[in-house]
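Beneath this line is the structure, given in structure tokens, with notes to follow.
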Amino acid sequence: MDFNGRSGEMLVFVTVAEQGSLSAAARALGLTPSAVSRIIARTEQRLGTRLLLRTTRALTFTAEGEAYLRGARRILADLAEVEEAIADQGVPRGRLRVSAALGHGRMTIVPLVAAFIARYPNITVDLSLGDEVVDILGGQADVAVRFGHLPDSPLTARRIGETGQVVVASPAYLERHGTPQQPEDLLQHNCLRFNFRRAEPNWPFIREGQGFSLKVCGNIACSSGEALAQLAREGAGITRIGEFSVTEDLQRGDLVPLLQAFNPGDREPIHAVFVGGTAMPARVRVFVDFLVEQHSM
73 MDFNGRSGEM LVFVTVAEQG SLSAAARALG LTPSAVSRII ARTEQRLGTR LLLRTTRALT
133 FTAEGEAYLR GARRILADLA EVEEAIADQG VPRGRLRVSA ALGHGRMTIV PLVAAFIARY
193 PNITVDLSLG DEVVDILGGQ ADVAVRFGHL PDSPLTARRI GETGQVVVAS PAYLERHGTP
253 QQPEDLLQHN CLRFNFRRAE PNWPFIREGQ GFSLKVCGNI ACSSGEALAQ LAREGAGITR
313 IGEFSVTEDL QRGDLVPLLQ AFNPGDREPI HAVFVGGTAM PARVRVFVDF LVEQHSM
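Right under this line is the structure:
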């Protein structure tokens, strides 16, 4: 590699920081210690400030050196990402970081991973399941699967599916507290609700073609749909939740659908969200295409 350019100087500086000494950095880069020292000195001269304080025992970064190190690492990472994206145009490869909600990820994303890596064996999938919203622009994930209508952002989103909502409770809860026949009956029941930021406080219904909503109450609120489903199974109360979360429970009879005649039929979109553009790595593109393909089957 040519170490005369600015990117070469940055690489030398970052390597010195990572290796902890000029001699160790020289070995890692295939240079002599004197060559590394000259490159550092040249960088300092060009910037007009001292970046490193060198003694016989240790290297210490100045405040300017710390700032230069942070910037150099970011620039080198961006450069590597662009080059990787271009190289990936032929064969998708590399680490793919995917974020999905716990319940949806476990039931619909995890079962697809084996087929995906069988099709693209050069991709390594790093899957994170949780109900927190990750910062894609901040580099916490390459692709996130998100529910609901998305806020405006510089991210790219592709719709991969949708899910309906259903009101459910366990047979044991209904035996103890009775089965609601009208939406207004929910006001006398313990309703289990979502507590994340975009969660609606009211539950929507429809009667004779007219939509309306009720503000339900209960003693448990949770950010996880999977946790709400489990609480409902255990008889803690009634919840309104995505159909995908309770399909198996309804089939087994562990949960019972309620107030179906008043279900407004609202559908919640599911999107794959990612950083788009011409530099998008091929591994991201093929994964999003794969999700769209599988959800349309």
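According to this note's numbering, numbering within the sequence shown proceeds without interruption in unit steps and concludes at 369.
Idealized CB from N, CA, C, for every residue including glycine.
Report all residues from its chain with a CB closer than 6 Å to the CB of residue i; omit the five preceding and five following residues, and keep chain order.
i	result
R146	none
V345	A216, R218, L227, A229
G250	none
L141	A89
I181	A172
L131	L124
Are the Cβ atoms of residue i and residue j separated by less than 7 Å?
i	j	result
G297	P336	no
A355	P164	Checking the sequence, you will find Arg at residue 355 rather than Ala. Closer than 7 Å, so yes.
L363	T311	no
A97	V88	yes
A220	E315	It should be noted that the sequence gives Gly, not Ala, for residue 220. Taking 7 Å as the Cβ cut-off, G220 and E315 do not qualify as a contacting pair.
L201	A241	no
I342	G233	yes
S285	N274	yes
L94	V84	no
A139	M82	no
V288	L246	no
I307	A244	The amino acid at residue 307 is misidentified as Ile; the sequence shows Gly. In this structure, A244 lies closer than 7 Å to G307 by Cβ.
A293	L327	no
V197	V185	yes
D203	S79	no
If you draw a straight line from the C-alpha of residue i to the C-alpha of residue j, how long is it?
i	j	result
G92	A213	30 Å
L222	R231	11 Å
G236	Q254	20 Å
L148	E156	12 Å
T350	E153	12 Å
L174	L151	33 Å
V170	E116	40 Å
R129	R99	18 Å
A299	I313	11 Å
Q323	G281	29 Å
E365	M352	19 Å
E320	H367	18 Å
A113	T127	15 Å
R191	L101	36 Å
P252	R357	47 Å
L199	G210	17 Å
M179	E272	24 Å
V360	N76	40 Å
Can we count residue i as close to the ligand ADP, meaning its CB is less than 6 Å from some heavy atom?
i	result
E272	Only the bare structure without any ligand can be found here, which leaves the ligand ADP out of the picture.
Which same chain residues, not among the five before or five after residue i, have their C-beta less than 8 Å away from its C-beta?
i	result
T134	T121, R122, L123, L124, L125
F277	P255, G283, F284, S285, L286, L331, F334, N335, P336
G338	Before going on, a small fix: residue 338 reads as Asp here, not Gly. Within the same chain, D338 has close Cβ partners G236, Q237, P276.
E136	L119, T121, R122, L123
T104	A98
P329	V238, V239, V240, L322
My output table needs one value for residue i: the three-state DSSP class, helix, strand or coil.
i	result
G137	helix
Q366	helix
Q212	coil
Q254	coil
T196	strand
T180	helix
H261	coil
P276	strand
P341	strand
A68	Any question about residue 68 goes unanswered here, given that the chain covers just 73 to 369.
R458	Residue 458 falls outside the range modelled here, since the chain spans only 73 to 369, and no answer is possible.
V240	strand
L222	coil
F359	helix
V205	coil
V163	coil
V185	helix
Note down, in chain order, each residue of its chain lying with its Cβ closer than 7 Å to the Cβ of residue i, except the 5 sequence neighbours on either side.
i	result
G290	N262, C263, L264, R265, G309
I195	P164, R165, G166, L168, I189, R355
V318	V238, V240, A301, L327
R279	F334
I208	A216, L227, V345, F346, V347
At a Cβ threshold of 7 Å, is residue i touching chain B?
i	result
T196	Judged by its chain identifiers, the structure shown contains no chain B, having just a single protein chain.
- Query: If you scan the stretch 288–334 from start to end, which runs of the beta strand (DSSP E) of 3 or more residues do you find wholly inside it?
  - Reply: 310–314, 328–330
- Message: To test your reading of the DSSP string, which unbroken beta strand (DSSP E) runs of 3 or more residues are found completely within the stretch 77–156?
- Response: 124–126, 131–133
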